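With full-length UniProt numbering, letter number 88 in the sequence shown gets 88, and the count goes up by one each step, no holes.
The structure appears right after this line, and notes come after that.
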Amino acid sequence: MRETLRGSEPLSAPTIVVPIVEPKPTHYFVRCQSLYWLGAECSVAVCLMNVRLPEIAPPLLEMHQRPSTLEDETVRDVSATLQPYGLETAADKVFPFTEFFPAQRDLVVPIMEHPTENVFAALPPGGGKTAVAELFVLQFLLEGALLERQLEACEEASVVNSTVPAAERQLLYLTAHEACATRRFQDWRFKFGEGLQQRVTKLEPFGEDTAAKVEKFRQATIIIASGSGLAPLIRRGAADCLAGVTHIILDHVHLIRAPEGRWMEECLARLLSKPYLVNNGQKPARLLALSYPLISCTEVSRWMKIPASRQYNYGNSYRQLRVRLEALEQGGPRSRYEAATVSALKELQKVRYASTPTVVFVPTAREAEELAKRIVLRCRDFIPDAGCEDVEDQALALMLSAGVAYMHRGTSLLDELIIISQVEKPARHPETEAALPLVLVCTFEAAWRLPAALFGTAFVCAAERFGAASTDVNASGGDCAVSELLQMTSRAINEGVVYCRTARRWVWSKLLNDPLPLESYLRYPDDFRDTLNAAVAQGRASDMPGVLRILQSHYFLYHLRTNLHFYGVPTKDDIPAYASEFARSVIASLQQVGCVSVTEGDEDVMVTVCPTARGIAVSHHGISVETIEAIEEVTSSTRAATVADVWRLIASTCRELTPEYVGDAARITDAAEMQALQIIARVFPKGYDVQYVDLDFGKGWTKVHLLVLAHCARMFLDEVCMTGEDEDDKRIMAAKHPFASPSTAAIDPQLLLDIPRVVTERLREDLYGLLPSVLDVVRGACEIFDGRTQWRQARYLMRLSAQIERRTWGFEDPLLQLSCVQNSTALREVLMAAATAEAPWSLVRLQELCAQPETPAAELAWKTLSHTLVTALQRRGLATYAAAEAEVLLGRLRVEAAALPRVIALTATGTVVEVDGAHAFAVQVEGRIACTVLPSSWPSSSSPAVHDGASLGLWWMSCVVHHQGRPDVPERLLALRAATPVNVPGGADVAAEAETNERSEAALAAADIKLSPLWHISGTLSFPLHDVDGEDLETLKMTVAVIAARYIADAEVDVVFSAE
């Protein structure tokens, strides 16, 4: 099943969700029929007579039930409503409207006048959840201002009793989807950042290490994060920065049923449970939970500890948006899509829809652009000839002048903002000056980037994706999830129209127009393995009661109490036994993959659970247990003998590199992408071990596999290095094809240049979106391999990490690590030409010349290189500027060569020590590294992962044992740890180094670095003495290696044991 999901293949046992309504039917009949074979069908009856339905949910709040305690229900003016709290001035800067909706007006008093109570607000689509969240932020700021006044005047002591000082108070906004967090950050950075002078920040889910997240937390007042962005902090035990959080906004609660909602549920479960991470550990933070209306509002609120008096679950009388379902009878998804677009085009020509802004959702970027062109031809009586200003996409600029636009994942932030602004300021007809309401064609995934209730109407054309990797043009990529449909239709305020298969019409009509049933995505034992492993690794669960406490902090057991039959529990009295057996299943699964060790007892309370080194590494790096199982399964039957083999293993097994985690960047979205990837696969040189005939483009991981290898082969143009300060250089760069890399390793670069530019740019964007996740997974996987049998694979992964960072491959010249060598053909030819025996140009020699710049031999070598480079440039037609260009290139070469780390000393001293009554080896490692770190502004060809200019990044220290003269005995790992080199102040004369680089202004700027060029790395590697019991001590040899994660700069030394 796992491989089926990863390869985007049809499921053989899909889950069918069908609402049960009163009066309850006695039977459901399920029929399965093949689309391609006659007589291949079957049916089965499902009896419902003995099924007990959950308890009837409380009725929803309707308009006629509005609280009668309001002073004046006719007043909805924003300023008048907030004037009693002194927030009318702040409200003018935050709210772009002048009147509250009824539901928003009702929530002002609970939020503002009951500062110690949690609130649950479930509003229909377009009901104004964002404004409610902003009210909560204003209450947080008001409370902080009162605290400061209390400290100054020692008055109003009864207003609030805070456990966090006023200057350290923080608010956390947590949502399920990353695009929602990005949109909220962009909005609040302006409203609360610029308008109210608050520090607003956002945590990134990938490419941001723990230290960067912690620093962001400490500097901000309002922190915005998705569940995937906050979960790494919680799992890695670095959650001390949450101590100042006093208020939490939990948005999109209904998405805990979606795959992306599991992270949000895990984060909230930890934030609500003891020991508290917020409020300095003294009490939970105040919570505002926002959702669409739910059937299970009571049990969700009970889980979040929200009293019944503060549960506001609004009904259909508050709903403005109505969703209409249109059934399509065509046989395949593309046929249904064409029928839907024809119908939508006819609707758009009617006055009812043509007079208001409209959004149309389609499956892919290609369909979005094509449909936008059709709308211009069908719904406009003129052809635009001049585009809008400031729009980066020229085709989009032309359409915007006609009031039509498209948006997909390739649309830039600037273009997105211009598109949204045209809703309020529409384009004008060139002759009549009449307003042209915007018609936006948007892909499914881009719906998360749009504000709610922005358009009058939303059309969803054939709510299913295409099977892009299939040869069948009518192959289906699967229906949209209900959460996606809710997001798309709620972008409209009046009406949503969804074109769908006939079989989906009734089900989706109930789910999109009525309160939602809520099930957690985490509902089976395997779903809790990652959460429980993190708790065990942090020491929060060490026995069976602790494990049950972790499970009880999630929504799962709360829902179990009210829906027993869904989980197969006969009665409520059986819940304790079910929970205990459930916990044992989770523990047994973790024990099987080697993440925990278990000591059994006679009773549950006697069972102890301890973390293993693998379990701690899995938790720290955010790797799922399912990934560990997949790796173990593949390695048991396949032997990885090269770096390329190990990368193929990781790409094909890691769940963290699937669309479920990284979105469409890991999915072949259309036929054009698949054709481009097929071309890329054909041009790899032999050393990359890519065999086109062996690739399966129907697998979801093939795209990830090929894009990362193409990055290492330098097929993509490196814009960061090639873009200069000069505007002419920027224009030249923008005109180049993304595959026009000067140092590409492709055997036929012309094939790459034949790929359409728009497809290439999309692939490059996907690559840069994937790289941070890939590096996280690769570095984490190094520590989860079994050191006794899989050390070689772990070592390959360490090399792969450096090769991805430096855009090079193992068999290539180390000089290609230098960005100036990658991006200058002349310099590369000079350095890599067949060198004479007297003066070979190698990376080691360049680094030695940089380390001894004042010697006559070094000066002669640089002069010789300069003369050769000038000659090479003249041959390439740069006779006029050859000398100046050579001077700049040599300046960059000297700076970049000195900036590559070089281990200049390494020692490893071993002793035998006693630890807890047992003997162990302890190896003390000491090393010195020479490196002049480049400033953060220096252009680099490394990956776009986050780099700290004052750090050399992660380095691994490993102790390996092998037998001399015994090739039949494989080497194995005894100990492994990660360390970060520390700069040694005053290690060298920086001014002298700057003087040697006086020919380059860039080199002089680099010499202004305050860090010295000398670094120190140290650590202790220990392992039990019995790990080498029974070994042949005469041939036994221990070796310590230090390996850089960012650079190809390894060093080894034999362990020398002291005489003590």
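Even glycine gets a Cβ: it sits at the ideal position worked out from N, Cα and C.
Source: prediction; values computed, not measured.
Using the Cα positions of residue i and residue j, report the straight-line distance between them to the nearest angstrom.
i	j	result
Ala1006	Leu287	Summary for Ala1006: the model assigns pLDDT 39, below 50, so the residue's position carries little reliability; its value from the coordinates is reported in the next sentence. Spanning the two alpha carbons is a distance of roughly 49 angstroms.
Val315	Phe120	It should be pointed out that residue 315 corresponds to Gly in this sequence rather than to Val. Each residue's Cα considered, the two are about 14 angstroms apart.
Ala945	Glu208	Here Ala945 scores only 39 on pLDDT, less than 50, and its place in the model is too uncertain to base an answer on.
Lys510	Leu707	42 angstroms
Phe697	His705	11 angstroms
Val245	Met407	36 angstroms
Ala131	Leu440	24 angstroms
Pro384	Ala427	11 angstroms
Asp989	Pro1013	The predicted model places Asp989 with a pLDDT of 44, which falls under 50 and marks its position as unreliable; any figure quoted below should be read in that light. If I take the Cα positions, the gap works out to 9 angstroms.
Phe1057	Val662	48 angstroms
Gln150	Glu168	15 angstroms
Leu900	Ala826	21 angstroms
Glu633	Arg374	50 angstroms
Ser470	Arg682	Confidence is the limiting factor: at Ser470 the pLDDT is only 43, short of 50, which leaves the residue's position unreliable, though a coordinate-based value still follows. So the two alpha carbons sit approximately 20 angstroms from each other.
residue 1087	Ala133	Residue 1087 is absent from the model: the chain starts at 1 and stops at 1060.
Leu398	Leu348	20 angstroms
Val618	Val625	8 angstroms
Met304	Ser951	41 angstroms
Leu438	Asn983	57 angstroms
Leu695	Asp664	20 angstroms
Tyr796	Pro357	54 angstroms
Ala405	Lys703	29 angstroms
Gln874	Gln803	33 angstroms
Glu887	Asn823	15 angstroms
Val913	Asp187	58 angstroms
His554	Lys191	34 angstroms
How about residue i and residue j: do their beta carbons lie closer than 9 angstroms?
i	j	result
Pro293	Tyr521	no
Thr221	Arg199	yes
Gly787	Arg972	yes
Ile1048	Arg806	yes
Ala179	Leu138	no
Leu564	Ile575	yes
Val94	Gly237	no
Ala446	Thr669	no
Pro25	Leu61	no
Thr635	Cys654	no
I believe residue i touches residue j by the beta-carbon criterion, under 8 angstroms. Please report the beta-carbon distance rounded to the nearest angstrom.
i	j	result
Gly229	Glu204	6 angstroms
Ala344	Cys442	The pair is not a contact, with the Cβ atoms about 13 angstroms apart (cut-off 8 angstroms).
Val498	Ala463	6 angstroms
Leu321	Gly496	6 angstroms
Ala368	Val362	5 angstroms
Glu392	Ser421	About 15 angstroms separates the two Cβ atoms, so there is no contact after all.
Ala930	Arg902	5 angstroms
Ile224	Phe185	5 angstroms
Let me make sure I understand the geometry here. Which of the options has the alpha-carbon closest to that of residue i?
i	options	result
Ser490	Ala920, Cys782, Pro517, Arg324	Arg324
Thr932	Glu896, Gln150, Leu242, Gln793	Glu896
His1016	Lys1037, Thr907, Arg762, Pro967	Thr907
Gly1022	Arg977, Val982, Leu135, Asp1050	According to the sequence provided, residue 1022 is Ser. The question's Gly does not apply to it. Selected option, being the one with the closest Cα: Arg977.
His737	Val821, Val758, Ser743	Val758
Gly127	Tyr796, Ser273, Pro451	Pro451
Ser309	Cys480, Leu371, Glu484, His114	His114
residue 1080	Ser636, Ser743, Tyr312	Here the chain has residues from 1 to 1060 only, and residue 1080 is not among them.
Ala979	Leu1036, Ala1041, Phe140	Ala1041
His247	Arg235, Leu135, Ala211	Leu135
Trp862	Arg876, Pro840, Leu878, Thr880	Pro840
Lys746	Gly780, Asp766, His711, Leu767	The sequence as given places Ala at residue 746; Lys does not occur at that position. Ranking Gly780, Asp766, His711, Leu767 by Cα distance to Ala746 puts His711 first.
Ala434	Gly403, Pro84, Thr98	Gly403
Gly927	Ala920, Thr911, Ile904	Ile904
(request) Please specify which runs of the alpha helix (DSSP H), each continuous and at least 4 residues long, are wholly inside the segment 149 to 232, giving them in chain order. (result) 178 to 188, 210 to 219
(message) List, from N- to C-terminal side, the beta strand (DSSP E) runs of 3 residues or more that fit wholly inside the segment 454 to 537.
(response) 455 to 460, 464 to 466, 476 to 479, 492 to 501
(request) Could you name each continuous beta strand (DSSP E) segment of 3 residues or more that falls completely within the segment 293 to 326, going from the start of the chain to the end? (result) As far as the segment 293 to 326 is concerned, its whole beta strand (DSSP E) runs of at least 3 residues are 311 to 313.
(message) Which runs of the alpha helix (DSSP H) at least 4 residues long sit entirely within the segment 580 to 635? Give them in chain order.
(response) 613 to 621, 625 to 635
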